[in-house]
Amino acid sequence: MLYNLYKYYQSTQSKVDATYSRGINVSGSPSAFSFNLQGGISIDTKGNVAIQGTFSGGVTGGSPGASITMYQTVTNASNIKNLEGSGYQIGGSVGVPVYGVPLAVGGDFNIIPDTKLNKTYFGVTSNIGFGTSGGEFHVEWGETVTWNQTQFNVFDVMQKIYIKIMEW
């Protein structure tokens, strides 16, 4: 049963290209410039999993502010390795106190060029957390890196477990 489920998923996952990332974002816009530092876990439809981090900066319009949020990003990249390198994001955020709690929400449209494959991937990011009151709109450039020691493939692990079980 487990093997049949694995085979079914393996045949399906090769037809879908997507990545999903979730983690923590720290951002600030002290003046006309904005800065972001984020780190989290990324996974793709091919079963690859790793910790990735991004530093980005750019120009912003709006009130100065800072926030710490949880983010989630979905892209049409075929592999988490395609997220590495330069990328661009256009978006904004709003901070509003709700019953005295300084809540912040934001969103971005992501553009990720892949010069090796001559392709461009697209994605969206949403975040929610805590931040100063105000709002801003930004255009940023960033660099994403993968912490390679954390990378593994879920399907390879499942296959090794299946083989070990069958060897008993």
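According to the working numbering, the sequence shown is numbered sequentially starting from 476.
Where a beta carbon is used, it is the ideal one built from N, C-alpha and C, also for glycine.
Subject >> Local conformation of residue 592 per DSSP, three classes >> reply: coil
Subject >> For residue 499, the first and last residue of its enclosing beta strand (DSSP E) >> reply: 494–504
Original post:
Mapping DSSP to helix, strand and coil, what is residue 557?
Top reply: helix
Original post:
So, residue 617 versus residue 562, is the Cβ gap smaller than 8 Å?
Top reply: yes
Original post:
In three-state terms, what does DSSP make of residue 491?
Top reply: coil
Original post:
Going straight from the alpha carbon of residue 557 to that of residue 499, what length do you get?
Top reply: 20 Å
Subject >> Selected residue, minimal CA-CA separation from residue 609, among 602, 577, 595 >> reply: 577
Subject >> When 565, 631, 570, 629 are compared against residue 585, the one with the closest alpha-carbon >> reply: 565
**OP:** Please confirm if the segment 491–511 is in contact with the segment 531–543, defined as three or more CB-CB distances below 8 Å between the two stretches.
**Re:** yes
Subject >> Whole-angstrom C-beta distance between residue 545 and residue 602, which should lie under 8 Å >> reply: 6 Å
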